[in-house]
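Undergrad: In the working numbering, the protein residues as written are 875 to 1561. Every residue gets a Cβ at the ideal spot worked out from N, C-alpha and C, and that includes glycine. Model, not experiment: these values are computed from the prediction. Below: one structure in structure tokens.
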């Protein structure tokens, strides 16, 4: 059937046929009306039809497939009923979190993210205990299928999310391999921002009479709204918000949070810090809502903490700032949010807090608004303290201008005579008394480094130690955890509450390495110059170099030798992806990569911590351990291999070059309670 360019008239979620527990969960987070992709996709998926959807990131497509999948689950079964393939570990984690958020009213529901960079033990344990939905990257999913640990015999729905991105990253062969191992009766939902020929071929081959849906983004924002974002790193969001409120001049501000309970909690915390703030959400009665809005208009209230639904239709001219404390779930919501400022021809300010794993949504917002969003610097401690001192002095000046100081003057004079204390000391004591328990001045925190500053950061500030890896799942707000569900304290099995990501294991598949699944170099991999043209590793790949002479690192970098080279079929993107994943280092801060015959040289920021250095020695790339050493000296313990075919890990299908799984069967044996497999020499078939 022809694609639908425009979604049908938006019905509320309650009329789309979703299960009642899902409607309750949506109401809790303030969602009432579906986005165009959701309105067009949910009904056919509920009816069991295949869907071919064309929509950009940020249009709400995760909910478009997650909600119907959840509606059709049989929670009494413990084998996976739905599998979602995503191109990167970050997206896999986000999708799993979304499933958990929407399933908060489904007791006993389990979702498990499986991806490269996490040890196999927790994933194997989770699959053994039973899950309803698996969200994974293609390589790790195939690994589990080959191990026999992932059973798709009861699979009813397969979702391919961001299929064009999986094609671009070289995983399309993996995707087809998964498709061939799913039951013939399964339903398929394929989503892609673009429709290149290979994606169309997959759709024609594997989808049965799909409903075709195309949603075109038309949102733009007013040019009189200045948009900025702050990259959440090293400081709590509440502290960052406090700094902005203290140092940034504003008339009135709306702060957007994701849930009702979050608005109330944040408003209370701001009140405790001395700000006039109130929460407005779906639970606020209409009369109270009108009173709060009138107080905002009259200047009696300066800060409203709101959910998306509660702020719709809000039109108050004095709102100078909109701050997105929680990033919205789709670009349309963002446009509606920031439209609360810049009204009646006035200028407005929009600030967005972006967590590390929300960078894709930031990019989607920039595309949707057709405007770049500049990164902002938080007000410094000095700027905040200057503002505090200025305001305190103004309070003193206002008090001095009052006419009723007589009794207080007499009291101070009397105390001065009795205590023999100087008047200035008495004034200082009174000032401290007025200030209360909150310190007058901020103390400078320990320096932290944002990714944008990393290129000039000192030594190991640019590295994240694997032992302190950030949690893959954030702990939910109080209203997002199912009743009776204890907070997670251990590594993930099936995710029935958010979990901590595991320490990356040596030898895992780097699913976000930028290379062709057959080992071919991408067309973009044709330059040797720095800096890179983008943050994507495939655009950083350099033409392999032979042993041409000394390798000189740039300032701030030092050269490391890794024992994998062109003889092993390695590409620069393989090395960049492995080091970026395992060292917690943004790939844009990895310098030049020289591929030699039997080894490679890579420039990394100076001051690599010892624990990361030791960890990288054990990482596998293209079937070889990196065995990283400083400078160009050979690795101790043997001469590197100088010739031979690139290793192939034959999985039984005769498909060569699948070495970016990095020797999956070397990982996690002891930790998972399995027998440790014997290490095979590179190039030897796995079975």
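Starting from residue 1274, trace the beta strand (DSSP E) in both directions and tell me its first and last residue.
TA: From DSSP, residue 1274 is part of no beta strand (DSSP E) but of the alpha helix (DSSP H) over 1255 to 1274.
Undergrad: Which partner residues of residue 1499 appear in the DSSP bridge assignment?
TA: Per DSSP, 1494.
Undergrad: Compare the C-alpha of residue 1484 against each of 1504, 1495, 1494, 1228 and name the closest.
TA: For residue 1484, the nearest C-alpha among the options comes from 1504.
Undergrad: With respect to the beta strand (DSSP E) encompassing residue 1194, which residues constitute its N-terminal and C-terminal limits?
TA: Taken as a continuous stretch (DSSP letters only), the beta strand (DSSP E) holding residue 1194 covers 1193 to 1198.
Undergrad: CB-CB under 6 Å to residue 1650, same chain, minus the five flanking residues each way: which ones, in chain order?
TA: Residue numbering for the chain in the displayed model covers 875 to 1561; residue 1650 lies beyond these limits and cannot be assessed.
Undergrad: Return the chain-ordered list of same chain residues with a C-beta closer than 6 Å to the C-beta of residue 1102, the five sequence neighbours on each side being excluded.
TA: If we look at residue 1102 and ignore the five residues flanking it on each side, its Cβ neighbours are 1225, 1248, 1250.
Undergrad: Excluding the five sequence neighbours on either side, which residues of its own chain have a C-beta within less than 7 Å of the C-beta of residue 1246, listed in chain order?
TA: Answer for residue 1246: 1240, listed in chain order.
Undergrad: Report the option in 1237, 1469, 912 whose CA atom is closest to the CA atom of residue 889.
TA: Checking every option, the nearest Cα to that of residue 889 belongs to 912.
Undergrad: What are the partner residues of residue 1474, as DSSP defines its beta bridges?
TA: 1436, 1469.
Undergrad: Between residue 934 and residue 1181, is the Cβ-Cβ spacing less than 8 Å?
TA: Against a cut-off of 8 Å, the Cβ pair of residue 1181 and residue 934 comes out as no contact.
Undergrad: Tell me where the alpha helix (DSSP H) around residue 1012 begins and ends.
TA: Unbroken alpha helix (DSSP H) run through residue 1012: 1012 to 1021.
Undergrad: Terminal residues of the continuous beta strand (DSSP E) containing residue 1292?
TA: Taken as a continuous stretch (DSSP letters only), residue 1292 belongs to no beta strand (DSSP E), being part of the alpha helix (DSSP H) at 1280 to 1293.
Undergrad: Give the secondary structure of residue 1103 by DSSP, where H, G and I count as helix, E and B as strand, and everything else as coil.
TA: In the structure shown, residue 1103 sits in a strand (DSSP, three-state: E or B).
Undergrad: Would DSSP call residue 1419 helix, strand or coil?
TA: Any reading at residue 1419 needs caution, since the residue's pLDDT is 42, under 50, leaving its predicted position unreliable; the model's value is listed next. Coil.
Undergrad: Tell me which same chain residues have a C-beta within less than 7 Å of the C-beta of residue 1190, skipping the five on either side of it?
TA: Hits under 7 Å: 1126, 1167, 1170, 1171.
Undergrad: Nearest to residue 1457 by CA position, among 1238, 1048, 1435, 1482, is which residue?
TA: If we check each option's Cα against that of residue 1457, 1482 comes out closest.
Undergrad: Hey, could you find the ends of the alpha helix (DSSP H) residue 1031 is sitting in?
TA: It is not in any alpha helix (DSSP H) - residue 1031 instead sits in the beta strand (DSSP E) that spans 1031 to 1034.
Undergrad: Note down the Cα distance separating residue 1217 from residue 1028, rounded to an integer number of angstroms.
TA: Between residue 1217 and residue 1028, the C-alpha separation is close to 54 Å.
Undergrad: If you compare alpha carbons, which of 952, 892, 1060 is closest to residue 938?
TA: When only C-alpha atoms are compared, the closest one is 892.
Undergrad: Below 8 Å on the Cβ atoms is my contact criterion, and I expect residue 845 with residue 966 to pass it. Report the Cβ-Cβ distance as a whole number of Å.
TA: The chain is shown from 875 up to 1561; residue 845 falls before or after that span and cannot be answered.
Undergrad: Give me, in chain order, the residues of the same chain whose beta-carbon lies closer than 6 Å to that of residue 1644; leave out the 5 immediate sequence neighbours on both sides.
TA: Examination of residue 1644 is not possible in this model, given that the chain is present from 875 through 1561 alone.
Undergrad: Could you give the first and the last residue of the continuous alpha helix (DSSP H) run that contains residue 1300?
TA: Note, residue 1300: alpha helix (DSSP H), 1297 to 1309.
Undergrad: Less than 6 Å between C-beta atoms, sequence neighbours within five positions excluded: which residues of the same chain meet that for residue 1140?
TA: Taken in chain order, the residues that qualify are 1131, 1179.
Undergrad: Considering only DSSP beta bridges, list what residue 1151 is partnered with.
TA: Per DSSP, 1177.
Undergrad: Ignore the nearest five residues each way along the sequence and tell me which others in residue 1493's own chain have a CB closer than 6 Å to its CB.
TA: Within the same chain, residue 1493 has close Cβ partners 1380, 1452, 1456, 1500.
Undergrad: Rounded to whole angstroms, what is the Cα-Cα separation between residue 1004 and residue 1209?
TA: Distance between the alpha carbons of residue 1004 and residue 1209: 40 Å.
Undergrad: On the three-state DSSP scale, how would you describe residue 1221?
TA: Note: residue 1221 maps to coil in three-state DSSP.
Undergrad: Secondary structure at residue 993, three-state DSSP: helix, strand or coil?
TA: It is coil, neither helix nor strand.
Undergrad: By the 10 Å Cβ neighbour count, where 16 or more other Cβ atoms means buried, how is residue 1158 classified, buried or exposed?
TA: By the 10 Å Cβ count, residue 1158 comes out buried.
Undergrad: Taking only three categories from DSSP, how would you classify residue 887?
TA: Here residue 887 sits in helix by DSSP.
Undergrad: Along the alpha helix (DSSP H) that carries residue 1127, what are the first and last residues, could you check?
TA: Here residue 1127 belongs to no alpha helix (DSSP H); instead the beta strand (DSSP E) covers 1126 to 1130.
Undergrad: Mark residue 1298 as exposed unless 16 or more other C-beta atoms lie within 10 angstroms of its C-beta, in which case mark it buried.
TA: Result: exposed.
Undergrad: With DSSP as the reference, identify every bridge partner of residue 987, one or two as the case may be.
TA: Residue 987 pairs with 1009.
Undergrad: In chain order, what are the residue ranges of uninterrupted beta strand (DSSP E) at least 3 long that sit wholly in the region 884 to 948?
TA: Here the runs fully enclosed are 925 to 928.
Undergrad: Hey, residue 1137 and residue 1154 are a contact pair by Cβ (cut 8 Å); roughly how many whole angstroms apart?
TA: That pair is a contact at about 7 Å.
Undergrad: In the DSSP assignment, what are the bridge partners of residue 1504?
TA: Residue 1504 is bridged to 1434.
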